[in-house]
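Chemist:
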Amino acid sequence: MELKQIFETNQMFSTENLDVRTITMGISLLDCIDSDSDRACQKIYDKITTKARDLVKVAQEIETEYEIPIANKRITVTPISLIAAASKDKDYVKYAKTLDKAAETLGIDFIGGYTALVNQENGLDLINSLHEALAQTKYVCASVNVGSTKSGINMNAVKRMREVVIAASKLDYMTNAKLVTFCNAVEDNSFMAGGFHGVSEPDTVINTGISGPGVVKTALEKVKGTYGCGRRNYQKDGFQDNRLDQLVGTVTAKKLHVPFGIVDLSLAPTAEAGDSVAGVLEEIGVGQVGAHGTTAALAMLNGCCQKRWHYGLQPRRWIVWCIHSCIGRC
Numbered sequence: 000m001e002l003k004q005i006f007e008t009n010q011m012f013s014t015e016n017l018d019v020r021t022i023t024m025g026i027s028l029l030d031c032i033d034s035d036s037d038r039a040c041q042k043i044y045d046k047i048t049t050k051a052r053d054l055v056k057v058a059q060e061i062e063t064e065y066e067i068p069i070a071n072k073r074i075t076v077t078p079i080s081l082i083a084a085a086s087k088d089k090d091y092v093k094y095a096k097t098l099d100k101a102a103e104t105l106g107i108d109f110i111g112g113y114t115a116l117v118n119q120e121n122g123l124d125l126i127n128s129l130h131e132a133l134a135q136t137k138y139v140c141a142s143v144n145v146g147s148t149k150s151g152i153n154m155n156a157v158k159r160m161r162e163v164v165i166a167a168s169k170l171d172y173m174t175n176a177k178l179v180t181f182c183n184a185v186e187d188n189s190f191m192a193g194g195f196h197g198v199s200e201p202d203t204v205i206n207t208g209i210s211g212p213g214v215v216k217t218a219l220e221k222v223k224g225t226y227g228c229g230r231r232n233y234q235k236d237g238f239q240d241n242r243l244d245q246l247v248g249t250v251t252a253k254k255l256h257v258p259f260g261i262v263d264l265s266l267a268p269t270a271e272a273g274d275s276v277a278g279v280l281e282e283i284g285v286g287q288v289g290a291h292g293t294t295a296a297l298a299m300l301n302g303c304c305q306k307r308w309h310y311g312l313q314p315r316r317w318i319v320w321c322i323h324s325c326i327g328r329c
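Residue numbers (the numbering used here): 0 to 329.
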């Protein structure tokens with residue numbers, strides 16, 4: 000990396016609210032399956048606390064060594080509906096409490112994987128336990144995949160999720176902030192609150208996530224020109240962020256002796272001034288968020304993130320048309 004890029008990246012931390020949003024360890028629990036739910040829970044606790052025992056310590060060492068802020072330390076596990084299905088026990092709350100206990104022992108911020116994949120008729124027992132499980136735990140995040148393009152939508156699951164969300168809101172106002180409902184969920188997801196460790200992933204893996212709407216806004220402020228001109232500058236700064244996150248992930252994986260997985264870029268805002276997605280949309284050209292062109296601007300922003308900064312990929316023609324016709328400038 001050139002000296003100029005190093006200074007630019009340092010400025011992103013100091014003035015543009017850039018942070019490494021998370022270091023996430025994915026842990027497979029497939030070897031914890033047991034017909035006895037109590038034994039399964041003990042296996043789950045032992046494996047998580049063993050595999051991730053140094054996660055927080057290593058993250059703190061990297062923060063000190065590289066002076067890079069790391070906002071969260073997280074864990075994702077194999078969807079619990081797959082693990083608990085081997086037991087005839089219908090009380091899944093004990094699995095959530097086991098995950099919560101492991102998270103508290105390790106000192107991490109969140110643990111994801113209290114998940115059910117119910118695009119077909121399975122996993123409904125976990126859905127029935129969601130409101131109690133989330134209300135009785137502090138660190139557990141949950142998710143449910145209710146459908147897919149291939150299998151269709153499980154309308155029974157959709158109806159039950161409606162009831163669960165209402166019931167959960169009455170138990171604790173924060174409960175639903177830890178719950179995500181998907182359709183066409185990806186095979187592996189390291190970002191909360193819908194995080195879970197994919198069954199095809201290694202036994203353990205390190206994933207990193209970076210976030211900074213402030214960085215994107217500053218990148219667009221530097222350029223007043225055509226769509227292509229703004230997009231190139233936007234992608235250049237994103238590429239620098241990506242390399243930084245890859246450095247953190249690689250070092251963490253090496254210290255923990257586990258494989259390095261992916262770099263995930265998000266635009267999750269914070270309460271800090273200048274770190275708002277709304278500010279990015281208005282810089283693109285929307286007069287005020289909610290006005291004509293807001294959806295088109297958000298589509299462009301999401302499109303750039305989803306392409307993970309690969310320079311050769313061009314956005315869809317309809318997005319270009321929407322941006323130019325609805326916004327007028329970039």
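Just so you know, even glycine gets a beta-carbon here, dropped at the ideal spot from N, CA and C.
Roughly how many angstroms lie between the CA atoms of V92 and A70, to the nearest whole one?
Modeler: Taking the first residue of the sequence shown as position 1, residue 92 is located at position 93. Taking the first residue of the sequence shown as position 1, residue 70 is located at position 71. So the two alpha carbons sit approximately 28 Å from each other.
Chemist: Tell me, which residues are paired with R73 by DSSP?
Modeler: To locate residue 73, count along the sequence shown from 1; it is residue 74. DSSP output for R73 lists T23, F109 as bridge partner(s).
Chemist: Do N183 and R159 count as a contact pair if the criterion is CB distance below 9 Å?
Modeler: Here residue 159 corresponds to residue number 160 of the sequence shown, with the count starting at 1. Here residue 183 corresponds to residue number 184 of the sequence shown, with the count starting at 1. Not closer than 9 Å, so no.
Chemist: Measure the C-alpha to C-alpha separation of A83 and I67 and round it to an integer number of angstroms.
Modeler: The residue given as residue 83 occupies position 84 in the sequence shown. The residue given as residue 67 occupies position 68 in the sequence shown. Taking the straight line joining both Cα atoms gives about 39 Å.
Chemist: Hey, could you find the ends of the alpha helix (DSSP H) A58 is sitting in?
Modeler: Counted from its first residue, the sequence shown places residue 58 at position 59. Start and end: 54-65.
Chemist: For A115, count neighbouring Cβ atoms within 10 angstroms of its own Cβ and tell me buried if that reaches 16, exposed if not.
Modeler: Reading the sequence shown from its first residue, position 116 is the one you call residue 115. So A115 ends up on the buried side.
Chemist: Is the beta carbon of Y113 sitting closer than 9 Å to the one on A132?
Modeler: Within the sequence shown, residue 113 is the residue found at index 114, counting from 1. Within the sequence shown, residue 132 is the residue found at index 133, counting from 1. Yes.
Chemist: With a 10 Å radius around its C-beta and 16 neighbouring C-beta atoms as the bar for buried, classify Q234 as buried or exposed.
Modeler: Here residue 234 corresponds to residue number 235 of the sequence shown, with the count starting at 1. In this predicted model, Q234 has a pLDDT of only 48, less than 50, meaning its place in the structure is not dependable enough to derive any value.
Chemist: Grouping DSSP H, G and I as helix and E and B as strand, with all else coil, what is T49?
Modeler: By one-based count along the sequence shown, residue 49 stands at place 50. Here T49 sits in helix by DSSP.
Chemist: List in chain order: all unbroken beta strand (DSSP E) runs of 3+ residues lying wholly within the region 121-164.
Modeler: Here the runs fully enclosed are 139-144.
Chemist: Counting only the same chain and skipping the five closest in sequence on each side, list residues whose C-beta sits under 7 Å from that of N175.
Modeler: Stepping through the sequence shown from its first residue, residue 175 is reached at position 176. Contacts found: V164, A167, S168.
Chemist: Could you have a look at I261 and say whether DSSP puts it in helix, strand or coil?
Modeler: Here residue 261 is taken as the residue at index 262 of the sequence shown, counted from 1. Of the three classes helix, strand and coil, the one that applies to I261 here is strand, per DSSP.
Chemist: Quick one: grab the DSSP three-state call for A101.
Modeler: Against the sequence shown, residue 101 aligns to sequence position 102. The answer is helix: DSSP assigns A101 an H, G or I state.
Chemist: Would you call the region 195-212 in contact with the region 149-159, where contact means no fewer than 3 C-beta pairs closer than 8 Å?
Modeler: The answer is no - the region 149-159 does not touch the region 195-212, with fewer than three Cβ pairs under 8 Å.
Chemist: Look at the alpha carbon of V19 and the alpha carbon of G208, and state the distance between them as a whole number of angstroms.
Modeler: As a working note, residue 19 is residue 20 in the sequence shown. As a working note, residue 208 is residue 209 in the sequence shown. Near 6 Å, if we compare the C-alpha coordinates of G208 and V19.
Chemist: Kindly indicate which three-state DSSP category G284 falls into: helix, strand or coil?
Modeler: Here residue 284 is taken as the residue at index 285 of the sequence shown, counted from 1. G284: coil per DSSP, three-state reduction.
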